[in-house]
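So the sequence shown is numbered by the UniProt record's numbering: it starts at 1 and just counts up by one. The structure appears below as structure tokens.
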Amino acid sequence: MESQIDALYSTLLRVDTEPDNKALIEWLENVCQRHYGLVDGLVANFIVNIDEPAYGKKLLKVLKKLNEYLPTLVTPQFMENQRFPEAIIQYLEGTELKDMAGDAFVLLVNVFNDQSIDKMSDKFVRQLIDSMEFITDENTTHALISILVILCAAYEKKIQKQIAWGTYDGKKAPIVNLAYQEFIQNESYYRLKLLHLTNRSNRYRFDKCLETLSIILSKEESKDFFNINDLNLLLDICLREIQTEKDPNVRVQILRMIETIMDHEQYKTYPYKLDDIRDTVNELILSEDEENGAYTIKEKESIAKLNLKFQILNF
């Protein structure tokens, strides 16, 4: 089996050196079709052999390459195996910091979901953070920061839920948002990287990037994490993405980010593109019709809040 994995990986590498080889691409697309079970078999093989790091690393390299070349075909098949995220986490937990595979980081970003978060201990989150110094590849660094972004948003929700339910007690083992702490303690390192990931749009979970940035901007101790130029860049990104984004959940995060920025003291002092924001809000109000479909309740709430701001401003 291991020799077959090596042969498959060698074939995958040919895609890089032979980008115009249509026959090779067509063959790859064909063998990755769900009914052949190749992708599912590789994932299952990785899960079964989780205690063999060397073999697991080979499988991860193949899976990562498949996902790189055929994301729309392969990623959904990854997601069908609910044990895959947990297996990647288990693999990373048993790996030395200096040897943590970049392929595992990248794959974990693609298969990460709400259930994955519950499989992560604080110890593992710290391990992810500590591994940063050993990573030299930029794509792997971005993948790792993306995981921290997702964790930051998820842990903040847990904390807010505990507070809302009256069960949060700062003296009794409180939930600690380690990702948020890492960001604000190393502001000079993460500021531009978070902006970069957000600007790359959906490649790095755009919705979670916006959610995490809103958390940072909304907290007193980190409200000045970004400067006015950063806020203006974020506004440009939001105004660009809202024009084409179809996912209601992502649209809500975009609108919330715009609202968060407009509430920021730096922005109030140096307002930017108010005309464009107002026009965008008006377009959103007018575009809700039978052809485009009705907005979700959260979308309507966010649009209404922004519209109210302009009414108050009499702008």
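Beta carbons are placed, not taken as given, at the ideal position from N, Cα and C, and that holds for glycine.
task: Return helix, strand or coil for Phe105, following the three-state DSSP convention.
output: The residue labelled residue 105 in the question sits at position 105 within the sequence shown. The answer is helix: DSSP assigns Phe105 an H, G or I state.
- prompt: Counting only runs that start and end within the UniProt domain "SPIN90/Ldb17 leucine-rich" (139 to 277), where is the alpha helix (DSSP H) found for 4 or more residues in a row?
  reply: 178 to 185, 187 to 199, 206 to 218, 228 to 241, 248 to 263 and 265 to 269
task: Indicate whether Lys298 and Pro248 have their beta-carbon atoms separated by less than 9 angstroms.
output: Locating residue 298 in the sequence shown gives position 298, counting from the first residue. Locating residue 248 in the sequence shown gives position 248, counting from the first residue. Yes, they are a contact pair.
field: DSSP three-state assignment for Ala294, whether helix, strand or coil
entry: For the purposes of this step, residue 294 is identified with residue 294 of the sequence shown, where counting begins at 1. If DSSP states are grouped into helix, strand and coil, Ala294 belongs with coil.
query: Among residues of its own chain, excluding the 5 on either side of Phe112, which ones have a beta-carbon nearer than 7 angstroms to its beta-carbon?
result: Sequence index remark: in the sequence shown, residue 112 carries index 112 (1-based). Pro85, Ile147 and Ile150, listed in sequence order.
Closest Cα partner of Leu231 within the set Thr244, Glu221, Leu217 and Tyr91: Walking along the sequence shown from the start, residue 231 turns up at place 231. Nearest option by C-alpha distance: Leu217.
message: Given this structure, state the Cα-to-Cα distance separating Arg14 from Leu70, to the nearest angstrom.
response: In the sequence shown, counting from the first residue as 1, residue 14 sits at position 14. In the sequence shown, counting from the first residue as 1, residue 70 sits at position 70. So the alpha carbons of these two residues sit roughly 15 angstroms apart.
field: CA-to-CA distance, Leu195 to Phe183, given in whole angstroms
entry: Your numbering for residue 183 matches position 183 in the sequence shown. Your numbering for residue 195 matches position 195 in the sequence shown. Cα to Cα, the separation comes out at about 12 angstroms.
Continuous alpha helix (DSSP H) stretch holding Asn45: start and end: The residue labelled residue 45 in the question sits at position 45 within the sequence shown. It spans Leu38 to Val48 - the alpha helix (DSSP H) in which Asn45 sits, taken as one unbroken run.
query: Could you give the distance in angstroms between the alpha-carbon of Ile47 and the alpha-carbon of Phe225?
result: Position 47 of the sequence shown, counted from the first residue, corresponds to residue 47. Position 225 of the sequence shown, counted from the first residue, corresponds to residue 225. Roughly 40 angstroms between the two C-alpha positions.
task: Kindly say whether Gly41, judged by its beta-carbon, lies nearer than 9 angstroms to any beta-carbon of chain C.
output: The chain labelled as chain C is not found in the depicted structure, where only one protein chain is given.
query: Can you tell which of Tyr272, Val281, Leu213 and Leu42 has the C-alpha that lies nearest to the C-alpha of Asn67?
result: Here the question's residue 67 lines up with position 67 in the sequence shown. When only C-alpha atoms are compared, the closest one is Leu42.
query: Under 9 angstroms, do Ser214 and Gln266 count as touching if we go by C-beta distance?
result: Counted from its first residue, the sequence shown places residue 214 at position 214. Counted from its first residue, the sequence shown places residue 266 at position 266. Cβ distance not < 9 angstroms, so Ser214 and Gln266 don't count as in contact.
- request: Kindly list the residues whose CB is nearer than 8 angstroms to the CB of Leu197, restricted to its own chain and excluding five residues on each side of it in sequence; keep chain order.
  value: For the purposes of this step, residue 197 is identified with residue 197 of the sequence shown, where counting begins at 1. If we look at Leu197 and ignore the five residues flanking it on each side, its Cβ neighbours are His142, Ile145, Ser146, Val149, Tyr204 and Cys209.
Nonlocal neighbours in the same chain, by C-beta distance under 8 angstroms from Ile285, ignoring five residues either side: Here residue 285 is taken as the residue at index 285 of the sequence shown, counted from 1. Ile303 and Asn307.
Sequence-distant residues of the same chain with beta carbon closer than 8 angstroms to residue 316, five excluded per side: Residue 316 lies beyond the stretch modelled for the chain, which goes from 1 to 315, so this question has no answer here.
field: Close Cβ partners of Ile228 (< 6 angstroms) along its chain, the five nearest in sequence each way excluded
entry: Reading the sequence shown from its first residue, position 228 is the one you call residue 228. Cβ within range, chain order: Gln266 and Tyr270.
field: Coarse secondary structure for Lys300, derived from DSSP in three states
entry: Here residue 300 refers to the residue found at position 300 when the sequence shown is read from its first residue. Residue state, collapsed to three classes: helix.
- request: Grab the span of the alpha helix (DSSP H) containing Met79 for me, first residue to last.
  value: The residue given as residue 79 occupies position 79 in the sequence shown. Met79 -> alpha helix (DSSP H) spans Pro71 to Glu80.
- prompt: How many whole angstroms separate the CB atoms of Leu9 and Lys64, which I take to be in contact at a CB cut-off of 8 angstroms?
  reply: As a working mapping, residue 9 is identified with position 9 in the sequence shown. As a working mapping, residue 64 is identified with position 64 in the sequence shown. Looking at the sequence itself, residue 9 is Tyr, so the reference to Leu does not match. Actually they are not in contact, since the Cβ atoms of Tyr9 and Lys64 sit about 10 angstroms apart, beyond 8 angstroms.
task: Could you check how far apart the C-beta atoms of Asp40 and Gln82 are, in whole angstroms? I think they sit under 8 angstroms.
output: Reading the sequence shown from its first residue, position 40 is the one you call residue 40. Reading the sequence shown from its first residue, position 82 is the one you call residue 82. No, Asp40 and Gln82 are not in contact; Cβ-Cβ is about 12 angstroms, not under 8 angstroms.
task: In angstroms with no decimal places, state the Cα-to-Cα distance between Glu52 and Gln160.
output: Position 52 of the sequence shown, counting from 1, holds the residue named residue 52. Position 160 of the sequence shown, counting from 1, holds the residue named residue 160. For Glu52 and Gln160, the distance between alpha carbons rounds to 40 angstroms.
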